[in-house]
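**Student:**
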Amino acid sequence: MTDRLTQSELESYLWGAATILRGLVDAGDYKQYIFPLLFYKRLSDVWDAEYVEALVDTDDADYARAMADERFVIPAGAHWNEVRDTPKDVGKAIQTAFRSIEAANPVKLDGIFGDAPWTNKERLPDHTLKNLLEHFAKHTLSLANVPEDELGNGYEFLIKKFADDSGHTAQEFYTNRTVVHLMVQMLEPQAGERIYDPTCGTGGMLISALDEVKRKGGEYRTLKLYGQERNHMTASIARMNLALHGVDDFAVARGDTLENPVFSEHDRLATFDVVLANPPYSIKQWNREAWQSDSWGRNFLGTPPQGRADYAFFQHILKSLSASGRCAILFPHGVLFRKEEADMRQKLVNADLVDCVLGLGPNLFYNSPMEACIVICRINKPAERRGRVQFINAVDEVTRERSMSYLKPEHQERIADAYHAFADMDGFAKVATLDEIRAKDGNLSIPLYVRGKGVSDEKGDYSAAGGLTEAVRAWEESSIEVSKTLENLLTELENQNGI
């Protein structure tokens, strides 16, 4: 008899676990307890189903255990039911089971459960942990009851809910999934390709690439997914996310991508067919001195300023592309026009690596009204796109809901269709030649090429332009010198606000 859950029932069940922690644990810390328990329950229930199936077929308990252990080994004493029956010191029992399972599966599961303080009884007394275990025990999370796609969707639901609840901590591990879906549609990953995210957070971009291949009928199990993430718990969440989505061929490494890129081949950076990334914006604490003599050759455009590492991530990504590789990167608009990066930007333009610059609307990111851009690059452009760069002004392609904005399917479709058409569209898209861009000193600021809605008339009347935001757009459009002035203003504002 099965205990089949609908998607809404699954989501309610998963969120119900988090509510048990309210008042005891900060909302931003829910994830380090709920995700490992969910993953642990899934492992145990799948193990049970495979054990029972093999036992029914053979009536041989030793053989059945061996069959169940083929996917993941669950050592004696570490099964969910054994921990559930623990009368006291529940946190210690959970932690011991986690370490035991990790040790028994060193290739696939080493460190995957994270390092949450399970034994802190002041924060998590035994009765709270017992309540959590009993809540999860309400349903059997076997593959028959909750297929991989559905549990994966439930996991993504939890990631978003935790982001909603945690507010200021959200952006470091969660990227608006409607934006991610757009990026994937533009790059069109194919079956068999190697896909990489150098700052992968919870793995959402990798999952979205997988889903896109699946949606188009491709053999998604031939994809090879790679990610690196410096936050230990977030990297563990990404690994659990990929495993719960049924991905077998993946590697998520922990560490700082700029200081210690993990993926290499023959003493060179590994290269990938598709790179998707949302690097941390304009970080100031990074090793600029080491970058000047980077042993991986990632400084081929130059050394970024200490206060803004954006072009360090940019160059790492470009260096990680295969001969047929393409990338989509979320950046602050400043990378398009800031004067201290002008030399690097001009080299980038002259190398004909930039394929498209897409401007997005405001409020697509947690706790930030900023407008971001997506920069798409290709190592070898198709013949019809060589020597040219497409600019898309999609600032109005956005829908606001409460404090957050998102891209509806029709927004995503319009933008993706425009990108693939690679043609001028009045007020929306412009294909510029490299000579046109060079004439603007390599400035890639979108309003210099696409005059979008809301830009002022010649009299400078901004009353219908949506206020200061559109006024700034109009100023920027008027000349390169003005856009440089804008950059100085933004820098000063950041310094005043301690950004």
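Per numbering that gives the first Met the number 0: the sequence shown = residues 0 to 498.
We put the beta carbon where it would ideally sit given N, CA and C, even for glycine.
1) For K87, which three-state DSSP category applies?
2) Would you mind stating whether N144 and L335 have Cβ atoms separated by less than 9 Å?
3) Report the three-state DSSP secondary structure of G245 (helix, strand or coil).
4) Going by beta carbon distance, what residues of the same chain come within less than 6 Å of N240, once the five residues before and after it are set aside?
5) Please say whether Y280 and P197 have beta carbons closer to each other than 9 Å?
6) Among all the DSSP beta bridges, which residues are the ones paired with S263?
7) If I'm right that K346 touches F390 with Cβ under 8 Å, what's the distance once you round it to whole angstroms?
8) Determine the extent of the beta strand (DSSP E) in which K223 is found, giving its start and end residues.
9) With H, G and I counted as helix, E and B as strand and the rest as coil, what does DSSP make of I375?
10) Who are the Cβ neighbours of F97 in its own chain at under 6 Å, not counting the five residues just before and after it?
11) Straight-line CA distance for Q189 to N119?
12) Give me whichever residues DSSP pairs with E400 in a beta bridge.
13) Let me make sure I understand the geometry here. Which of L54, I158 and R64 has the alpha-carbon closest to that of P35?
14) Could you check whether the stretch 223-235 touches the stretch 120-130, counting it as contact only if at least three pairs of C-beta atoms, one from each stretch, sit closer than 8 Å?
15) Give every residue of the same chain whose Cβ lies closer than 8 Å to the Cβ of S43, excluding the five residues on either side of it in the sequence, and list them in chain order.
16) Starting from the Cα of G110, find the closest Cα among R297, L300 and A250 and give me that residue.
17) What distance in whole Å lies between the Cβ atoms of A16 and L131, which are believed to be in contact at a cut-off of 8 Å?
18) Using 8 Å as the cut-off, can you tell me whether the stretch 374-394 makes contact with the stretch 412-430, which would need three or more C-beta pairs spanning the two stretches below that distance?
19) Looking at V441: is its Cβ nearer than 9 Å to the Cβ of N349?
20) Do you know offhand how far F161's Cα is from M369's?
21) Applying the criterion that 16 or more other CB atoms from any shown protein chain within 10 Å of the CB defines a buried residue, is R267 buried or exposed?
22) Do the stretch 412-420 and the stretch 296-304 make contact, defined as three or more Cβ pairs closer than 8 Å?
23) Give me whichever residues DSSP pairs with Q345 in a beta bridge.
24) Count the other CB atoms, across all protein chains shown, that sit within 10 Å of the CB of A464; report buried if there are 16 or more and exposed otherwise.
25) So, for D164: in the same chain, excluding its five sequence neighbours on each side, which residues have a beta-carbon less than 6 Å away from its beta-carbon?
26) Consult DSSP for T432 and reduce its assignment to one of helix, strand or coil.
27) Using the C-alpha atoms, what's the distance from E435 back to H244?
28) Using a Cβ-Cβ cutoff of less than 6 Å, which residues in the same chain neighbour H410 once the five nearest sequence positions on both sides are dropped?
29) Please confirm whether A102 and M232 have their CB atoms less than 9 Å apart.
30) If you compare alpha carbons, which of T270, G254, R253 and A242 is closest to R70?
31) Report back the beta-carbon spacing between L275 and A327 to the nearest angstrom; my notes put them in contact at under 8 Å.
32) Which whole-angstrom value is the C-beta distance of L222 and E192, which I expect to be below 8 Å?
33) Is it true that the CB of D351 sits closer than 9 Å to the CB of R510?
34) Grab me the residues of L181's own chain with a C-beta within less than 7 Å of its C-beta, minus the 5 sequence neighbours each way, in chain order.
35) Looking at the structure shown, is A17 part of a helix, part of a strand, or coil, going by DSSP?
**Tutor:** Reading it off the structure:
1) As a working mapping, residue 87 is identified with position 88 in the sequence shown. Note: K87 maps to coil in three-state DSSP.
2) The residue labelled residue 144 in the question sits at position 145 within the sequence shown. The residue labelled residue 335 in the question sits at position 336 within the sequence shown. The answer is no: Cβ separation not under 9 Å.
3) As a first step, residue 245 is located in the sequence shown; it is residue number 246 there, counting from the start. Coil, per DSSP.
4) Start at 1 with the first residue of the sequence shown, and residue 240 comes out as number 241. Excluding sequence neighbours, N240 sits near Y154, T201 and G202.
5) As a working mapping, residue 197 is identified with position 198 in the sequence shown. As a working mapping, residue 280 is identified with position 281 in the sequence shown. For P197 and Y280, no; Cβs fall outside 9 Å.
6) On the sequence shown, position 264 is the one that residue 263 refers to. For S263, which the question treats as bridged, DSSP gives the partners L268.
7) Residue mapping note: residue 346 aligns to position 347 of the sequence shown, counting from 1. Residue mapping note: residue 390 aligns to position 391 of the sequence shown, counting from 1. No, K346 and F390 are not in contact; Cβ-Cβ is about 19 Å, not under 8 Å.
8) For this step, residue 223 is matched to residue 224 along the sequence shown. Start and end: K223 to E228.
9) One-based indexing of the sequence shown puts residue 375 at position 376. Here I375 sits in strand by DSSP.
10) Taking the sequence shown and counting its residues from 1, the one referred to as residue 97 is at position 98. Excluding sequence neighbours, F97 sits near F112.
11) The residue given as residue 189 occupies position 190 in the sequence shown. The residue given as residue 119 occupies position 120 in the sequence shown. Rounded to whole angstroms, Q189 to N119 spans 46 Å at the Cα level.
12) Mapped onto the sequence shown, residue 400 falls at position 401. M403.
13) The sequence position of residue 35 within the sequence shown is 36, counting from 1. The option with the nearest alpha carbon to P35 is I158.
14) no
15) For the purposes of this step, residue 43 is taken as the residue at position 44 of the sequence shown. Within the same chain, S43 has close Cβ partners I73, H78, W79 and N80.
16) Taking the first residue of the sequence shown as 1, we reach residue 110 at position 111. Residue A250 is the option with its Cα nearest to G110.
17) Numbered from 1 along the sequence shown, position 132 holds the residue referred to as residue 131. Numbered from 1 along the sequence shown, position 17 holds the residue referred to as residue 16. At roughly 6 Å, the Cβ-Cβ gap stays under 8 Å, so L131 and A16 are in contact.
18) yes
19) The residue given as residue 441 occupies position 442 in the sequence shown. The residue given as residue 349 occupies position 350 in the sequence shown. Just to set this straight, residue 441 is Gly in the shown sequence, not Val. Yes, the pair counts as a contact, with Cβ atoms nearer than the cut-off.
20) Position 162 of the sequence shown, counted from the start, is the residue given in the question as residue 161. Position 370 of the sequence shown, counted from the start, is the residue given in the question as residue 369. Straight-line Cα distance between these residues: approximately 21 Å.
21) Mapped onto the sequence shown, residue 267 falls at position 268. By the 10 Å Cβ count, R267 comes out exposed.
22) no
23) Stepping through the sequence shown from its first residue, residue 345 is reached at position 346. Looking at the DSSP assignment, Q345 forms no beta bridge with any residue, so it has no partner.
24) Your numbering for residue 464 matches position 465 in the sequence shown. Low confidence applies to A464: its pLDDT is 35, below 50, so where it sits in the model is not reliable, and the reading given next is rough at best. With 16 or more other Cβ atoms within 10 Å, it is buried.
25) If you number the sequence shown from 1, residue 164 lands on position 165. Excluding positions up to five away in sequence, the list reads A26.
26) Reading the sequence shown from its first residue, position 433 is the one you call residue 432. Note: T432 maps to strand in three-state DSSP.
27) Locating residue 244 in the sequence shown gives position 245, where the first residue counts as 1. Locating residue 435 in the sequence shown gives position 436, where the first residue counts as 1. Whole-angstrom Cα-Cα distance: 45 Å.
28) For this step, residue 410 is matched to residue 411 along the sequence shown. Excluding positions up to five away in sequence, the list reads E396.
29) In the sequence shown, the residue the question calls residue 102 occupies position 103. In the sequence shown, the residue the question calls residue 232 occupies position 233. Contact: no.
30) Walking along the sequence shown from the start, residue 70 turns up at place 71. The shortest Cα separation from R70 among T270, G254, R253 and A242 belongs to A242.
31) Within the sequence shown, numbered from 1, the residue matching residue 275 stands at position 276. Within the sequence shown, numbered from 1, the residue matching residue 327 stands at position 328. That pair is a contact at about 6 Å.
32) Translated into positions along the sequence shown, residue 222 becomes position 223. Translated into positions along the sequence shown, residue 192 becomes position 193. The Cβ separation is near 6 Å, so the contact holds.
33) Shown here, the chain extends from 0 to 498; a query on residue 510 therefore has no answer.
34) Locating residue 181 in the sequence shown gives position 182, counting from the first residue. The answer, listed in chain order, is L406, Q411, I414 and A415.
35) To locate residue 17, count along the sequence shown from 1; it is residue 18. Helix.
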